[in-house]
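One gets this note's numbering by counting positions in the sequence shown from 1 and adding 5 to each.
Note that CB positions come from ideal geometry on N, CA and C, so glycine has one too.
Below is one structure, written out as structure tokens; comments come after it.
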Amino acid sequence: MNILMVGAGSMSESLVKGWIASGISPQMITMTNRTDRVRLDVLATQYGVRTTAEEQVDQFDVVVLAMQPDGVLDYVKQHTWTNQLVVSVAAHITPAEIEAHVTCGAVCAMPNTPVAFRTGMTGLWFGDHISDIKKRQATALFERVGETVETDASTMPYLMAAAGCSPAFFYEIVGAMTPVLTKAGFNESVARRIIAQAMKGSAELLLHEERPTAELIQDVAAPGGPTDRGVHVLREHQLSEAMHAALMESAREEN
Ligand SMILES: NC(=O)c1ccc[n+]([C@@H]2O[C@H](COP(=O)([O-])OP(=O)(O)OC[C@H]3O[C@@H](n4cnc5c(N)ncnc54)[C@H](OP(=O)(O)O)[C@@H]3O)[C@@H](O)[C@H]2O)c1
């Protein structure tokens, strides 16, 4: 299976890193972009992938469209497709828009950058013209780098907000917590490790628990104790409302 990555930005690199860690040979991956040749040289040196300035998409089994959304449909129109697995990771592009220009079907995937460490969460929205074999191929490809969930026109924007965008929300929270620890005397990297490991542990617990989050909070927050007092501060500052509004905003399509 040889893979063409069209676009060599952070999402493309995260996927390539995760796929190589999952056992895909770097020599089976080719990366390309429009202008930044230096970036391609850096990626070739770092990961051992192939790069090209003039790709022929019909030479590849899988073509991942990982450029900014406004370039996707022009790219699809300008190339000749045979029987590729066409995967777009671009926000707000639909499978139907791509399938208007290809006969081999398309899938719109929404991964997140943790795919680099094979802990990704990817939404898969299959086009009407994609075969079952290709659906399984796409699912298997993204399961190499984390979990997948099937999405559609209604759920994709919210999957994107909750999984694609949320790493930035979590980093925002870490950015707010870190100075408290550095002021207390931890150096920056230790402070970050403490918070990240606490987040990772909480996530692990959430993945193994089915009880409501309110009960999980009660496990940690004895009435009047330090956690309970901290949770009250979060509620006074309307963290829930802020998170709800952030998700709704990220899910909203720009006009
Ligand atoms: N970052 C995320 O967390 C994330 C999550 C989910 C989905 N996505 C989606 O992934 C896509 C890429 O995001 P990103 O954050 O990786 O962006 P980025 O860092 O800006 O990278 C975009 C890449 O695409 C290349 N490019 C642009 N137009 C091209 C074209 N016509 N042909 C070939 N290469 C082209 C750019 O290089 P040149 O300018 O040199 O061509 C650059 O290498 C977006 O559509 C985004 O919606 C991103």
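Assumed close pair residue i, residue j - CB separation to whole angstroms, cut-off 8 Å
i: methionine 299; j: alanine 168; result: Because the chain spans 6 through 260 in this model, residue 299 falls outside it and cannot be assessed.
i: methionine 10; j: isoleucine 34; result: 7 Å
i: alanine 95; j: valine 77; result: 5 Å
i: leucine 164; j: glycine 128; result: 4 Å
i: phenylalanine 174; j: methionine 204; result: So it is not a contact: roughly 12 Å between Cβ atoms.
i: alanine 26; j: arginine 141; result: With 8 Å as the limit, alanine 26 and arginine 141 do not qualify as a contact, their Cβ atoms being about 22 Å apart.
i: tryptophan 130; j: threonine 108; result: That belief does not hold up - the Cβ atoms of tryptophan 130 and threonine 108 are roughly 19 Å apart, past 8 Å.
i: proline 172; j: glutamate 258; result: Not confirmed; about 20 Å, so no contact.
Sub-8 Å separation of residue i and residue j beta-carbons
i: threonine 56; j: methionine 72; result: no
i: lysine 22; j: alanine 121; result: yes
i: threonine 85; j: aspartate 63; result: yes
i: threonine 183; j: isoleucine 200; result: yes
i: glycine 110; j: glutamate 102; result: no
i: glycine 125; j: proline 100; result: no
i: methionine 16; j: threonine 118; result: yes
i: valine 279; j: isoleucine 135; result: Residue 279 lies beyond the stretch modelled for the chain, which goes from 6 to 260, so this question has no answer here.
i: proline 31; j: tyrosine 52; result: yes
i: threonine 218; j: valine 225; result: no
i: histidine 106; j: lysine 82; result: yes
i: alanine 166; j: serine 255; result: yes
i: arginine 197; j: valine 185; result: no
Sheet register partners of residue i (DSSP bridge)
i: isoleucine 34; result: Ile8
i: leucine 90; result: Val67
i: valine 112; result: Val92 and Phe131
i: threonine 56; result: Met36
The segment 61-69 contacting the segment 83-95, beta-carbon criterion three pairs below 8 Å: yes
Cβ pair count under 8 Å reaching 3, the segment 148-160 against the segment 231-245: no
Start-end ranges of the alpha helix (DSSP H) lying completely within the segment 118-183, minimum 4 residues: 137-148 and 161-164
4 or more residues per run - each alpha helix (DSSP H) lying fully within the segment 184-225: 193-213 and 218-225
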